[in-house]
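Student: Mapping to the working numbering: the sequence shown position 104 is 835, numbers consecutive.
For every residue, glycine included, the Cβ atom is placed at its ideal position computed from N, Cα and C.
Before anything else, here's the structure in question.
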Amino acid sequence: MQLVDTHVHICFDSFQDDLDLVAQRWREAGVIRLVHSCVEPKEFGKFQAIADRFPEVSFAVGLHPLDVDQWTPALGEEIRRLAQSDRRVVAIGETGLDFFKSDQIEQQYACLEAQLAIAVALDLPVIVHCRDAAAAMAERLGDFCDRQTAAQGRSLRGVMHCWGGSPEETQWFLDLGFHISFSGTVTFKKAEQIKASAAMVPSDRLLIETDCPFLAPVPQRGKRNEPAFVAHVAQEVANLRQISVVELAQQTTHNAFELFRLPVNRSATLQSPGDEAIGAVAFALGRCPAASLLE
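Structural data, given as C-alpha coordinates:
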(Lines of atoms letter the chains of each structure in order from A and count residues from 1; the text may use other names and numbers.)
(Lines give C-alpha, C1' and ligand atoms only; values in the text may rest on other atoms or scores of the structure.)
Protein backbone atom coordinates (compact mmCIF):
# COMPACT_ATOMS: atom_id res chain seq x y z
CA MET A 1 0.00 0.00 0.00
CA GLN A 2 1.30 3.43 -0.96
CA LEU A 3 0.15 6.69 0.62
CA VAL A 4 0.69 10.39 -0.04
CA ASP A 5 0.61 12.87 2.83
CA THR A 6 -0.53 16.01 1.02
CA HIS A 7 0.13 18.52 3.81
CA VAL A 8 3.07 18.52 6.22
CA HIS A 9 5.18 21.04 8.11
CA ILE A 10 8.29 19.01 8.88
CA CYS A 11 10.56 22.07 8.70
CA PHE A 12 9.24 23.12 12.12
CA ASP A 13 11.59 22.99 15.10
CA SER A 14 9.72 20.05 16.62
CA PHE A 15 11.28 17.82 13.95
CA GLN A 16 14.83 19.15 14.01
CA ASP A 17 16.28 16.46 16.29
CA ASP A 18 14.83 13.28 14.78
CA LEU A 19 13.81 13.91 11.18
CA ASP A 20 15.78 10.91 9.93
CA LEU A 21 13.81 8.63 12.25
CA VAL A 22 10.56 10.33 11.25
CA ALA A 23 11.42 9.65 7.61
CA GLN A 24 12.22 6.03 8.38
CA ARG A 25 8.79 5.65 9.98
CA TRP A 26 6.90 7.28 7.12
CA ARG A 27 8.67 5.02 4.61
CA GLU A 28 7.90 1.93 6.69
CA ALA A 29 4.27 3.07 6.85
CA GLY A 30 4.05 3.21 3.04
CA VAL A 31 4.19 6.99 2.58
CA ILE A 32 5.89 7.48 -0.78
CA ARG A 33 5.30 11.21 -1.33
CA LEU A 34 4.85 14.25 0.88
CA VAL A 35 3.78 17.79 0.01
CA HIS A 36 5.31 20.37 2.33
CA SER A 37 3.05 23.38 2.72
CA CYS A 38 4.39 26.88 3.30
CA VAL A 39 3.46 29.30 6.08
CA GLU A 40 5.79 32.08 4.93
CA PRO A 41 8.25 32.29 2.02
CA LYS A 42 11.30 32.59 4.28
CA GLU A 43 10.87 28.85 4.95
CA PHE A 44 11.73 28.08 1.32
CA GLY A 45 15.40 27.30 1.92
CA LYS A 46 14.43 24.81 4.62
CA PHE A 47 12.10 23.04 2.18
CA GLN A 48 14.88 22.72 -0.35
CA ALA A 49 17.28 21.31 2.23
CA ILE A 50 14.70 18.76 3.37
CA ALA A 51 13.90 17.72 -0.20
CA ASP A 52 17.62 17.33 -0.89
CA ARG A 53 17.74 14.81 1.98
CA PHE A 54 14.42 13.13 1.25
CA PRO A 55 13.63 13.05 -2.49
CA GLU A 56 10.01 12.05 -1.90
CA VAL A 57 9.30 15.56 -0.59
CA SER A 58 7.79 18.19 -2.88
CA PHE A 59 6.73 21.60 -1.62
CA ALA A 60 4.61 24.70 -2.02
CA VAL A 61 5.33 28.39 -1.55
CA GLY A 62 2.92 31.00 -0.27
CA LEU A 63 1.78 33.07 2.70
CA HIS A 64 -0.61 31.83 5.39
CA PRO A 65 -3.70 34.00 6.06
CA LEU A 66 -2.65 34.57 9.68
CA ASP A 67 0.58 36.15 8.45
CA VAL A 68 -0.95 38.69 6.07
CA ASP A 69 0.70 41.56 7.92
CA GLN A 70 3.79 40.53 5.93
CA TRP A 71 2.03 40.92 2.59
CA THR A 72 3.36 43.40 0.04
CA PRO A 73 3.39 43.37 -3.77
CA ALA A 74 7.11 42.66 -3.52
CA LEU A 75 6.43 39.55 -1.46
CA GLY A 76 3.99 38.43 -4.11
CA GLU A 77 6.72 38.74 -6.71
CA GLU A 78 9.05 36.79 -4.43
CA ILE A 79 6.50 33.97 -4.18
CA ARG A 80 6.22 33.92 -7.97
CA ARG A 81 10.00 33.89 -8.36
CA LEU A 82 10.51 31.11 -5.84
CA ALA A 83 7.76 29.02 -7.42
CA GLN A 84 9.58 29.20 -10.75
CA SER A 85 13.02 28.61 -9.27
CA ASP A 86 12.73 24.96 -8.27
CA ARG A 87 11.03 22.12 -10.14
CA ARG A 88 10.04 20.58 -6.80
CA VAL A 89 7.46 23.33 -6.25
CA VAL A 90 4.08 21.74 -6.91
CA ALA A 91 1.61 24.28 -5.47
CA ILE A 92 0.99 27.81 -4.23
CA GLY A 93 0.02 28.11 -0.58
CA GLU A 94 -1.07 27.74 1.90
CA THR A 95 -3.26 30.75 1.40
CA GLY A 96 -6.88 31.30 2.31
CA LEU A 97 -9.13 32.85 4.92
CA ASP A 98 -9.07 32.43 8.69
CA PHE A 99 -11.77 34.33 10.55
CA PHE A 100 -11.18 32.46 13.82
CA LYS A 101 -8.09 34.30 15.02
CA SER A 102 -7.71 37.31 12.75
CA ASP A 103 -9.53 40.57 12.22
CA GLN A 104 -7.39 41.47 9.19
CA ILE A 105 -10.18 40.46 6.84
CA GLU A 106 -9.53 42.87 3.97
CA GLN A 107 -5.82 42.08 4.05
CA GLN A 108 -6.65 38.38 3.88
CA TYR A 109 -8.85 38.95 0.84
CA ALA A 110 -6.09 40.85 -0.97
CA CYS A 111 -3.43 38.29 -0.11
CA LEU A 112 -5.67 35.42 -1.21
CA GLU A 113 -6.56 37.05 -4.51
CA ALA A 114 -2.93 37.74 -5.37
CA GLN A 115 -1.85 34.18 -4.66
CA LEU A 116 -4.73 32.72 -6.64
CA ALA A 117 -3.57 34.81 -9.59
CA ILE A 118 -0.02 33.49 -9.21
CA ALA A 119 -1.31 29.91 -9.13
CA VAL A 120 -3.29 30.36 -12.34
CA ALA A 121 -0.45 32.16 -14.10
CA LEU A 122 2.00 29.37 -13.25
CA ASP A 123 -0.53 26.56 -13.78
CA LEU A 124 -0.09 25.32 -10.22
CA PRO A 125 -2.78 24.15 -7.81
CA VAL A 126 -3.50 26.23 -4.73
CA ILE A 127 -3.53 24.90 -1.17
CA VAL A 128 -6.41 26.59 0.66
CA HIS A 129 -6.67 27.13 4.41
CA CYS A 130 -10.26 27.88 5.42
CA ARG A 131 -11.38 28.28 9.03
CA ASP A 132 -14.72 29.75 10.06
CA ALA A 133 -14.91 31.29 6.57
CA ALA A 134 -16.54 28.74 4.26
CA ALA A 135 -19.22 31.02 2.82
CA ALA A 136 -16.84 33.91 2.21
CA MET A 137 -14.25 31.55 0.73
CA ALA A 138 -16.72 29.93 -1.65
CA GLU A 139 -17.88 33.36 -2.81
CA ARG A 140 -14.33 34.64 -3.34
CA LEU A 141 -13.18 31.51 -5.16
CA GLY A 142 -16.30 31.47 -7.30
CA ASP A 143 -15.89 35.11 -8.31
CA PHE A 144 -12.21 34.58 -9.05
CA CYS A 145 -12.86 31.49 -11.16
CA ASP A 146 -15.54 33.29 -13.16
CA ARG A 147 -13.25 36.23 -13.87
CA GLN A 148 -10.27 34.06 -14.79
CA THR A 149 -12.28 31.88 -17.14
CA ALA A 150 -13.73 34.92 -18.87
CA ALA A 151 -10.38 36.71 -19.14
CA GLN A 152 -7.92 33.89 -19.84
CA GLY A 153 -9.86 30.68 -20.34
CA ARG A 154 -7.82 29.11 -17.54
CA SER A 155 -9.30 27.32 -14.57
CA LEU A 156 -8.13 27.39 -10.97
CA ARG A 157 -7.43 24.03 -9.37
CA GLY A 158 -6.60 23.23 -5.80
CA VAL A 159 -7.43 21.60 -2.50
CA MET A 160 -9.32 22.58 0.62
CA HIS A 161 -6.82 21.35 3.15
CA CYS A 162 -7.59 19.96 6.64
CA TRP A 163 -11.24 20.27 5.73
CA GLY A 164 -13.70 20.73 8.58
CA GLY A 165 -16.88 21.80 6.83
CA SER A 166 -20.34 20.30 6.57
CA PRO A 167 -21.49 18.26 3.57
CA GLU A 168 -23.35 21.32 2.27
CA GLU A 169 -20.21 23.46 2.50
CA THR A 170 -18.16 20.66 1.00
CA GLN A 171 -20.41 20.65 -2.04
CA TRP A 172 -19.76 24.36 -2.61
CA PHE A 173 -16.07 23.63 -3.22
CA LEU A 174 -16.67 20.44 -5.16
CA ASP A 175 -18.84 22.50 -7.51
CA LEU A 176 -15.84 24.80 -8.02
CA GLY A 177 -13.70 21.82 -9.04
CA PHE A 178 -11.65 21.61 -5.86
CA HIS A 179 -10.28 18.55 -4.12
CA ILE A 180 -11.05 18.00 -0.44
CA SER A 181 -8.37 16.79 1.99
CA PHE A 182 -9.03 15.27 5.40
CA SER A 183 -6.62 15.26 8.33
CA GLY A 184 -6.54 13.66 11.77
CA THR A 185 -9.63 15.62 12.76
CA VAL A 186 -11.73 13.08 10.85
CA THR A 187 -10.80 10.51 13.52
CA PHE A 188 -12.08 12.64 16.42
CA LYS A 189 -15.13 11.21 18.17
CA LYS A 190 -17.26 14.37 18.00
CA ALA A 191 -16.35 15.35 14.43
CA GLU A 192 -19.72 14.33 13.02
CA GLN A 193 -19.86 16.84 10.17
CA ILE A 194 -16.29 16.10 9.09
CA LYS A 195 -17.05 12.39 9.03
CA ALA A 196 -20.20 13.03 6.99
CA SER A 197 -18.22 15.11 4.52
CA ALA A 198 -15.51 12.46 4.19
CA ALA A 199 -18.17 9.91 3.32
CA MET A 200 -19.68 11.97 0.48
CA VAL A 201 -16.70 13.40 -1.44
CA PRO A 202 -16.39 11.77 -4.89
CA SER A 203 -13.53 9.30 -5.05
CA ASP A 204 -11.68 11.34 -7.68
CA ARG A 205 -11.59 14.46 -5.47
CA LEU A 206 -10.47 12.90 -2.20
CA LEU A 207 -7.10 13.48 -0.50
CA ILE A 208 -5.61 12.73 2.92
CA GLU A 209 -3.03 14.54 5.04
CA THR A 210 -1.61 14.91 8.52
CA ASP A 211 -1.00 18.69 8.79
CA CYS A 212 1.79 17.56 11.08
CA PRO A 213 3.01 18.42 13.66
CA PHE A 214 -0.56 19.42 14.54
CA LEU A 215 -3.81 17.45 14.98
CA ALA A 216 -2.48 13.97 15.67
CA PRO A 217 -5.19 11.42 14.85
CA VAL A 218 -6.75 8.91 17.18
CA PRO A 219 -5.08 6.81 18.63
CA GLN A 220 -2.05 9.12 18.68
CA ARG A 221 -3.73 12.10 20.38
CA GLY A 222 -1.43 14.10 22.62
CA LYS A 223 1.65 13.25 20.58
CA ARG A 224 3.45 15.24 17.95
CA ASN A 225 1.82 14.37 14.66
CA GLU A 226 4.03 12.97 11.89
CA PRO A 227 3.62 11.73 8.30
CA ALA A 228 3.45 8.03 9.23
CA PHE A 229 0.21 8.76 11.07
CA VAL A 230 -1.56 9.51 7.78
CA ALA A 231 -2.34 5.79 7.77
CA HIS A 232 -4.78 6.39 10.64
CA VAL A 233 -6.54 9.01 8.52
CA ALA A 234 -6.66 6.58 5.61
CA GLN A 235 -8.17 3.86 7.77
CA GLU A 236 -10.86 6.13 9.23
CA VAL A 237 -11.87 7.57 5.87
CA ALA A 238 -11.98 4.06 4.39
CA ASN A 239 -14.25 2.95 7.24
CA LEU A 240 -16.55 5.92 6.69
CA ARG A 241 -16.78 5.14 2.97
CA GLN A 242 -17.17 1.40 3.61
CA ILE A 243 -14.23 0.41 1.43
CA SER A 244 -10.89 -1.23 2.20
CA VAL A 245 -7.97 0.92 3.27
CA VAL A 246 -6.02 -0.43 0.30
CA GLU A 247 -8.68 0.88 -2.10
CA LEU A 248 -8.73 4.21 -0.26
CA ALA A 249 -4.95 4.44 -0.54
CA GLN A 250 -5.07 3.73 -4.26
CA GLN A 251 -7.70 6.42 -4.83
CA THR A 252 -6.07 9.16 -2.77
CA THR A 253 -2.56 8.46 -4.00
CA HIS A 254 -3.73 8.63 -7.62
CA ASN A 255 -5.53 11.89 -6.89
CA ALA A 256 -2.47 13.42 -5.24
CA PHE A 257 -0.24 12.53 -8.17
CA GLU A 258 -2.77 14.00 -10.59
CA LEU A 259 -3.51 17.25 -8.74
CA PHE A 260 0.08 18.10 -7.80
CA ARG A 261 1.63 16.45 -10.87
CA LEU A 262 4.04 14.64 -8.61
CA PRO A 263 7.08 13.00 -10.20
CA VAL A 264 6.97 9.26 -10.66
CA ASN A 265 10.68 8.62 -11.10
CA ARG A 266 12.30 9.72 -7.85
CA SER A 267 14.24 7.23 -5.80
CA ALA A 268 11.76 7.35 -2.92
CA THR A 269 9.56 4.87 -4.76
CA LEU A 270 12.31 2.28 -4.51
CA GLN A 271 12.63 2.92 -0.78
CA SER A 272 8.94 2.40 -0.02
CA PRO A 273 7.59 -0.98 1.13
CA GLY A 274 5.74 -1.31 -2.16
CA ASP A 275 2.34 -2.95 -2.05
CA GLU A 276 2.86 -4.93 1.15
CA ALA A 277 -0.51 -3.64 2.33
CA ILE A 278 -0.96 -5.77 5.42
CA GLY A 279 2.52 -5.11 6.76
CA ALA A 280 2.36 -1.37 6.15
CA VAL A 281 -1.04 -1.00 7.78
CA ALA A 282 -0.05 -3.12 10.77
CA PHE A 283 3.00 -0.97 11.38
CA ALA A 284 1.32 2.38 10.92
CA LEU A 285 -1.85 1.56 12.83
CA GLY A 286 -0.41 -0.33 15.77
CA ARG A 287 3.35 -0.11 16.09
CA CYS A 288 4.42 3.51 15.49
CA PRO A 289 6.76 4.53 18.32
CA ALA A 290 5.61 7.27 20.66
CA ALA A 291 6.43 10.77 19.45
CA SER A 292 7.18 13.82 21.54
CA LEU A 293 4.30 15.76 23.02
CA LEU A 294 2.42 18.20 20.85
CA GLU A 295 3.40 21.75 21.61
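Spell out the partners DSSP gives methionine 891 in its beta bridges.
Tutor: Locating residue 891 in the sequence shown gives position 160, where the first residue counts as 1. DSSP lists Val859, Ile911 as partners of methionine 891.
Student: Just how far apart, CA to CA, sit glutamate 1026 and phenylalanine 831?
Tutor: Taking the first residue of the sequence shown as 1, we reach residue 1026 at position 295. Taking the first residue of the sequence shown as 1, we reach residue 831 at position 100. The predicted model places glutamate 1026 with a pLDDT of 25, which falls under 50 and marks its position as unreliable, so this point remains unresolved.
Student: Name the DSSP bridge partner or partners of phenylalanine 790?
Tutor: For the purposes of this step, residue 790 is taken as residue 59 along the sequence shown, with counting starting at 1. In the DSSP output, where bridge partners are listed per residue, phenylalanine 790 has His767, Val820.
Student: Check for me: the beta strand (DSSP E) holding isoleucine 939 runs from which residue to which?
Tutor: Locating residue 939 in the sequence shown gives position 208, counting from the first residue. Note, isoleucine 939: beta strand (DSSP E), 937-939.
Student: Give me the Cα-Cα distance between phenylalanine 746 and valine 753, rounded to the nearest whole angstrom.
Tutor: In the sequence shown, the residue the question calls residue 746 occupies position 15. In the sequence shown, the residue the question calls residue 753 occupies position 22. Cα to Cα, phenylalanine 746 sits roughly 8 angstroms from valine 753.
Student: Is glutamate 1028 helix, strand or coil by DSSP?
Tutor: Outside the modelled stretch of the chain, which goes from 732 to 1026, sits residue 1028, for which no answer is possible.
Student: Output yes or no for whether 8 angstroms exceeds the beta carbon distance between valine 857 and threonine 826.
Tutor: Looking up residue 857 in the sequence shown gives position 126. Looking up residue 826 in the sequence shown gives position 95. Contact: yes.
Student: So, for asparagine 956: in the same chain, excluding its five sequence neighbours on each side, which residues have a beta-carbon less than 8 angstroms away from its beta-carbon?
Tutor: Along the sequence shown, one-based indexing puts residue 956 at 225. Answer for asparagine 956: Gly915, Thr941, Asp942, Cys943, Pro944, Phe945, Leu946, Ala947, Pro948, Ala1022, Leu1025, listed in chain order.
Student: Any contact of the stretch 893-904 with the stretch 921-936, i.e. 3+ C-beta pairs under 8 angstroms?
Tutor: They touch, by the three-pair rule.
Student: Measure the alpha-carbon distance for proline 796 versus glutamine 846 and round it to whole angstroms.
Tutor: Mapped onto the sequence shown, residue 796 falls at position 65. Mapped onto the sequence shown, residue 846 falls at position 115. Rounded to the nearest angstrom, the two C-alpha atoms are 11 angstroms apart.
Student: Measuring straight from C-alpha to C-alpha, what distance separates isoleucine 974 and serine 789?
Tutor: Residue 974 sits at position 243 when you count from the first residue of the sequence shown. Residue 789 sits at position 58 when you count from the first residue of the sequence shown. Roughly 29 angstroms separates the two Cα atoms.
Student: Please say whether valine 821 and alanine 850 have beta carbons closer to each other than 8 angstroms?
Tutor: The count along the sequence shown starts at 1 and reaches residue 850 at position 119. The count along the sequence shown starts at 1 and reaches residue 821 at position 90. Taking 8 angstroms as the Cβ cut-off, alanine 850 and valine 821 do not qualify as a contacting pair.
Student: For phenylalanine 743, which residues of its own chain have a beta-carbon under 7 angstroms away from its beta-carbon, when the five flanking residues on both sides are left out?
Tutor: Against the sequence shown, residue 743 aligns to sequence position 12. Excluding residues within five positions, the ones whose Cβ falls inside 7 angstroms are Pro944.
Student: How about histidine 910 and leucine 990: are their beta carbons less than 8 angstroms apart?
Tutor: Position 179 of the sequence shown, counting from 1, holds the residue named residue 910. Position 259 of the sequence shown, counting from 1, holds the residue named residue 990. Going by C-beta atoms, histidine 910 is nearer than 8 angstroms to leucine 990.
Student: Would you check if the stretch 797-816 and the stretch 762-777 touch, i.e. whether three or more CB-CB distances between them fall below 8 angstroms?
Tutor: A contact exists between the stretch 762-777 and the stretch 797-816.
Student: Which value, in whole angstroms, describes the spacing of the CA atoms of glycine 1068 and glutamate 771?
Tutor: Nothing can be reported for residue 1068: it is not among the residues displayed for the chain, which extend from 732 to 1026.
Student: In the DSSP assignment, find the beta strand (DSSP E) that holds leucine 734 and state where it starts and stops.
Tutor: Within the sequence shown, the letter at position 3 stands for residue 734. Its beta strand (DSSP E) spans residues 734-739.
Student: For histidine 767, I'd like the list of residues in its chain whose CB is within less than 8 angstroms of its CB, leaving aside the five on either flank, ordered along the chain.
Tutor: Counting from 1 along the sequence shown, the entry for residue 767 is found at position 36. So the list reads Val739, His740, Ile741, Cys742, Phe778, Ile781, Ala782, Val788, Ser789, Phe790, Ala791, once near-sequence residues are dropped.
Student: According to DSSP, cysteine 943 sits in a beta bridge with which residue or residues?
Tutor: To locate residue 943, count along the sequence shown from 1; it is residue 212. DSSP, once it has assigned bridges, lists Val739 as partnering cysteine 943.
Student: DSSP three-state call for leucine 828: helix, strand or coil?
Tutor: As a first step, residue 828 is located in the sequence shown; it is residue number 97 there, counting from the start. Leucine 828 falls in the strand class under three-state DSSP.
Student: Would you report the Cα separation of isoleucine 836 and glutamine 755, rounded to the nearest angstrom?
Tutor: Here residue 836 corresponds to residue number 105 of the sequence shown, with the count starting at 1. Here residue 755 corresponds to residue number 24 of the sequence shown, with the count starting at 1. Between isoleucine 836 and glutamine 755, the C-alpha separation is close to 41 angstroms.
Student: Does glycine 889 pass the burial test, meaning 16 or more other C-beta atoms within 10 Å, or should it be called exposed?
Tutor: Reading the sequence shown from its first residue, position 158 is the one you call residue 889. It counts as buried.
Student: Mark proline 804 as exposed unless 16 or more other C-beta atoms lie within 10 angstroms of its C-beta, in which case mark it buried.
Tutor: Taking the sequence shown and counting its residues from 1, one reaches residue 804 at position 73. So proline 804 ends up on the exposed side.
Student: So, helix, strand or coil for valine 932, using DSSP?
Tutor: Here residue 932 is taken as the residue at index 201 of the sequence shown, counted from 1. Note: valine 932 maps to coil in three-state DSSP.
Student: Does histidine 886 pass the burial test, meaning 16 or more other C-beta atoms within 10 Å, or should it be called exposed?
Tutor: Looking up residue 886 in the sequence shown gives position 155. Position check: residue 886 holds serine in this sequence, whereas histidine was assumed. The residue in question, serine 886, is exposed, as its Cβ has fewer than 16 Cβ neighbours within 10 Å.
Student: So, at 8 angstroms on beta carbons, what are the nonlocal neighbours of valine 964 in its own chain, with the 5 sequence-adjacent residues on each side left out?
Tutor: Residue numbering aside, residue 964 sits at position 233 when the sequence shown is read from its first letter. These residues qualify, in order along the chain: Phe913, Ser914, Gly915, Val917, Thr918, Ile939, Glu940, Thr941, Pro948.
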